[in-house]
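Below is one structure, written out as structure tokens, with a few remarks after it.
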Amino acid sequence: MRAFFEAIGYLFTDILFVPLDLIRALELKNWWTANIITWIFIIICCAATWYWIKQLKIYKENNDDDQDTTAHSFLS
Numbered sequence: 001m002r003a004f005f006e007a008i009g010y011l012f013t014d015i016l017f018v019p020l021d022l023i024r025a026l027e028l029k030n031w032w033t034a035n036i037i038t039w040i041f042i043i044i045c046c047a048a049t050w051y052w053i054k055q056l057k058i059y060k061e062n063n064d065d066d067q068d069t070t071a072h073s074f075l076s
């Protein structure tokens, strides 16, 4: 059983975290390049939020959104 947990530890520390170790070493040279993944996720989230708000506006203009305050039977 001990070998199983040591294998899991080896998998994560020596194989799966190698890219993160490279990013950590890169951060000492250039912070912007090391955080490129973060910037990509921020751009994706901004685009998704913009698209969501645009769709909400379309539904509101067509009166397709149902803003009934009694969404559940116990609220009526």
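Residue 70 in this note's numbering sits at position 70 of the sequence shown, with consecutive numbering throughout. All C-beta atoms, glycine included, are put in the ideal place defined by N, C-alpha and C.
query: So, A34 versus I42, is the Cβ gap smaller than 8 Å?; result: no
query: I need the straight-line Cα distance from T49 to R2, nearest angstrom please.; result: 47 Å
query: Which same chain residues end up closer than 8 Å to L26 when comparing Cβ atoms and leaving out the 5 residues on each side of it in sequence?; result: T33, A34
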